[in-house]
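If you read the sequences in order, they're chains A and B. Reading the first sequence from the start, the letters are residues 59 to 168 in the numbering used here. Reading the second sequence from the start, the letters are residues 95 to 210 in the numbering used here. The next block holds one structure in the form of structure tokens; read it before the comments.
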Amino acid sequence: DAKTTQPTSMDCAEGRAANLPCNHSTISGNEYVYWYRQIHSQGPQYIIHGLKNNETNEMASLIITEDRKSSTLILPHATLRDTAVYYCIVDPGGTYKYIFGTGTRLKVLA
Amino acid sequence: EAGVTQFPSHSVIEKGQTVTLRCDPISGHDNLYWYRRVMGKEIKFLLHFVKESKQDESGMPNNRFLAERTGGTYSTLKVQPAELEDSGVYFCASSQVGGRKYNEQFFGPGTRLTVL
Numbered sequence: 059d060a061k062t063t064q065p066t067s068m069d070c071a072e073g074r075a076a077n078l079p080c081n082h083s084t085i086s087g088n089e090y091v092y093w094y095r096q097i098h099s100q101g102p103q104y105i106i107h108g109l110k111n112n113e114t115n116e117m118a119s120l121i122i123t124e125d126r127k128s129s130t131l132i133l134p135h136a137t138l139r140d141t142a143v144y145y146c147i148v149d150p151g152g153t154y155k156y157i158f159g160t161g162t163r164l165k166v167l168a
Numbered sequence: 095e096a097g098v099t100q101f102p103s104h105s106v107i108e109k110g111q112t113v114t115l116r117c118d119p120i121s122g123h124d125n126l127y128w129y130r131r132v133m134g135k136e137i138k139f140l141l142h143f144v145k146e147s148k149q150d151e152s153g154m155p156n157n158r159f160l161a162e163r164t165g166g167t168y169s170t171l172k173v174q175p176a177e178l179e180d181s182g183v184y185f186c187a188s189s190q191v192g193g194r195k196y197n198e199q200f201f202g203p204g205t206r207l208t209v210l
């Protein structure tokens with residue numbers, strides 16, 4: 059199974075860009091990278107996904123390195139409401155069985 | 095469009111009792127998943143339905159857990175008899191893959207189960 063490694067925690071000043079890294083060195087060629095976040099005890103919220111190209115939507119941008127061994131989620135202008143645990147997930151072999159790690163606890167500071 | 099809904103939001107039962115959790119996926123989503131987080135641990139996959147069929151139930155902890163999805167719509171997860179270690183938050187998710195190769199899952203708010 060492809061596994062991911064993320065820093066345990068990060069702080070970001072409100073209004074600044076939050077850059078959350080993820081390593082997925084064992085990713086296979088056809089496996090997508092997904093990012094989710096969990097605010098308090100709510101259900102995980104989908105943010106973005108990508109395969110090899112950089113992606114952007116209304117919530118965030120996803121930068122995937124050329125070798126696909128790592129990626130970075132960018133929240134361009136972090137707000138206090140972005141304080142959450144962020145999960146980077148690689149779907150192992152298209153099984154649809156998400157494997158959650160410990161994620162990165164992002165704290166946005168006023 | 096309504097998201098994934100789960101009922102109840104919170105359940106408190108005594109050890110040995112039975113509890114049934116319900117999940118209503120997003121309309122039209124053939125794929126339905128159950129996950130759970132027990133105290134201090136990571137979110138873990140339990141099982142995956144495609145319509146009414148169990149595609150993967152490798153994460154089900156033991157035979158006290160029974161999941162069903164009658165008619166390929168809503169799903170139930172029954173725990174019988176409940177044990178203390180079953181306490182945690184149970185999440186349901188759904189997705190519609192169709193011909194795509196990717197699969198974003200949409201999660202419900204979860205059911206917090208407390209076994210006393």
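Note that beta-carbon positions come from the ideal geometry of N, C-alpha and C, so glycine has one too. Remember, predicted model here, so these are calculated numbers, not experimental data.
Using a 10 Å radius around the Cβ and a threshold of 16 neighbouring Cβ atoms, would you call residue i buried or exposed?
| i | result |
| --- | --- |
| Q174/B | exposed |
| A187/B | buried |
| K148/B | exposed |
Spell out whether any CB of chain A is found under 8 Å from the CB atom of residue i.
| i | result |
| --- | --- |
| H123/B | no |
| N157/B | no |
| D150/B | yes |
| P203/B | yes |
| E198/B | yes |
Could you check the C-alpha separation between residue i and residue j for me, to the nearest Å?
| i | j | result |
| --- | --- | --- |
| I13/A | L78/A | Missing from the structure shown is residue 13/A; chain A here goes from 59 to 168 and no further. |
| H142/B | D125/A | 31 Å |
| S103/B | P102/A | 15 Å |
| V144/B | Q64/A | 31 Å |
| Y127/B | S119/A | 27 Å |
| T114/B | C146/A | 31 Å |
| F159/B | L140/B | 10 Å |
Does DSSP put residue i in a helix, in a strand, or in coil?
| i | result |
| --- | --- |
| E179/B | helix |
| D69/A | strand |
| D140/A | helix |
| G122/B | coil |
| T114/A | strand |
Is residue i close to chain B? Criterion is C-beta to C-beta, closer than 8 Å.
| i | result |
| --- | --- |
| D140/A | no |
| K61/A | no |
| D149/A | yes |
What residues from chain C crowd round residue i, counting only those whose CB sits closer than 7 Å?
| i | result |
| --- | --- |
| G101/A | The displayed structure is made up of protein chains A and B, and chain C is not among them. |
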